[in-house]
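Oh and the sequence shown: position 217 is 220 in the numbering used here, straight run, nothing missing.
Just so it is clear, CB atoms sit at the ideal spot from N, CA and C, and this is done for glycine as well.
Below: one structure, written as structure tokens.
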Amino acid sequence: MLARLARFITKRLITFLSVHEQGELAFLILEKMTTKDAARAAEPLMRLDSKVHELHGQAAIAQNRGIHPKHELTDYHQFFVERIQPGEHVLDFGTGIGAVASDIAEQTKALVDGIDIVPENIATAHLRFSHSQVQYFVGDGLKISPNPPYDIVVMSNVLEHLEQRPQALKSIQQASQAKRFLIRVPSFERDWRVPYKRRLGVEWRLDEDHKTEFTEVQFRAELAEAGFEIVHLEIRWGEIWAEALVSG
Numbered sequence: 004m005l006a007r008l009a010r011f012i013t014k015r016l017i018t019f020l021s022v023h024e025q026g027e028l029a030f031l032i033l034e035k036m037t038t039k040d041a042a043r044a045a046e047p048l049m050r051l052d053s054k055v056h057e058l059h060g061q062a063a064i065a066q067n068r069g070i071h072p073k074h075e076l077t078d079y080h081q082f083f084v085e086r087i088q089p090g091e092h093v094l095d096f097g098t099g100i101g102a103v104a105s106d107i108a109e110q111t112k113a114l115v116d117g118i119d120i121v122p123e124n125i126a127t128a129h130l131r132f133s134h135s136q137v138q139y140f141v142g143d144g145l146k147i148s149p150n151p152p153y154d155i156v157v158m159s160n161v162l163e164h165l166e167q168r169p170q171a172l173k174s175i176q177q178a179s180q181a182k183r184f185l186i187r188v189p190s191f192e193r194d195w196r197v198p199y200k201r202r203l204g205v206e207w208r209l210d211e212d213h214k215t216e217f218t219e220v221q222f223r224a225e226l227a228e229a230g231f232e233i234v235h236l237e238i239r240w241g242e243i244w245a246e247a248l249v250s251g
């Protein structure tokens with residue numbers, strides 16, 4: 004009863020507060036939680052941490068005119084750009100709104116096809132990231148490959164969304180006929196809070212649609228099972244960035 008009343012009062016109160024004042028109120032509540040009973044506060048704080056991370060992303064995208072600032076701040080596009088040559092045929096698997104595909108085309112003069120299963124993403128790609136050397140397609144990249152053969156497949160924060168990943172990689176490779184894959188995935192080992200949240204039974208993934216988030220050992224094992232040899236791997240910004248070739 005008291006909890007319900009407190010929730011009602013808080014909801015009414017925050018409507019009269021500015022964003023800054025709401026933040027100050029949140030800090031006061033958090034400080035009270037930890038000073039009163041720090042041990043019992045661990046689980047709700049970890050739940051809050053996951054939610055705040057989600058809200059960080061939403062606010063950052065809104066503040067940055069609809070594009071996540073990580074594109075420019077982490078400079079991960081360059082990992083792909085530096086490994087693609089002019090005139091190569093590239094499949095951007097799970098292209099999203101096309102930010103990576105258009106940048107690859109612009110910087111490398113490669114021919115890029117971007118495919119995404121979400122029609123709204125492709126509509127945004129046409130609107131915001133159209134390029135003379137990029138074609139966008141709506142479809143399930145596990146079932147179709149728009150214009151094979153390809154030289155390279157780019158998978159930027161996509162693999163973690165797939166079930167049965169080794170088999171999925173084999174299917175994508177066979178359909179695309181590409182011999183080289185450039186892959187970026189989130190690392191499970193990015194922060195101690197990730198395994199701690201999992202131990203507490205708290206949502207630990209960066210996205211609830213993630214089927215996994217990778218340890219380096221797991222990532223290497225799954226690519227080997229799929230028939231790939233990793234020729235370059237680096238860990239940056241809590242992510243694994245890798246270049247892999249079809250074995251043999």
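Under the rule that 16 or more other beta-carbon atoms within 10 Å means buried, what is residue i, buried or exposed?
i	result
W195	exposed
S21	exposed
I147	exposed
E225	buried
A128	buried
F135	For clarity, residue 135 is Ser in the given sequence; the question names Phe instead. Looking at its Cβ environment, which holds fewer than 16 other Cβ atoms inside 10 Å, S135 is exposed.
G99	buried
G251	exposed
To the nearest angstrom, report how far apart residue i and residue j are at their CA atoms.
i	j	result
I87	D40	54 angstroms
F140	Q170	23 angstroms
G142	A44	45 angstroms
E219	R168	15 angstroms
A113	G90	4 angstroms
L203	S190	19 angstroms
F132	A42	48 angstroms
P198	V188	17 angstroms
A65	I233	36 angstroms
Shortest alpha-carbon distance to residue i belongs to which of the options?
i	options	result
W207	H56, Q81 and R168	H56
T215	E242, H74, V249 and D78	E242
H74	D106, R223 and E91	D106
R183	E46, F191, L172 and P189	L172
L76	R239, A245, A247 and E246	R239
E228	I118, F82 and L248	L248
A245	K54, E85, R50 and M49	E85
Taking only three categories from DSSP, how would you classify residue i?
i	result
E91	coil
Y199	helix
S3	The structure shown has nothing for residue 3, since the chain only spans 4 to 251.
V161	coil
H213	coil
R239	strand
G117	strand
V84	helix
R68	coil
S190	strand
L145	coil
V220	helix
V103	helix
R208	coil
Q180	coil
E166	coil
A229	coil
A245	strand
Can a CB atom of chain C be found closer than 8 angstroms to the CB of residue i?
i	result
W195	Structure shown: chain C not included; a single protein chain is present.
Evaluate contact between the region 175-183 and the region 151-160, counting only Cβ atoms and requiring at least three cross-stretch pairs below 8 angstroms.
yes
So, does the region 207-218 touch the region 156-167, judging by three or more C-beta pairs under 8 angstroms?
yes
Are the region 60-69 and the region 78-97 in contact at 8 angstroms, needing three or more beta carbon pairs?
no
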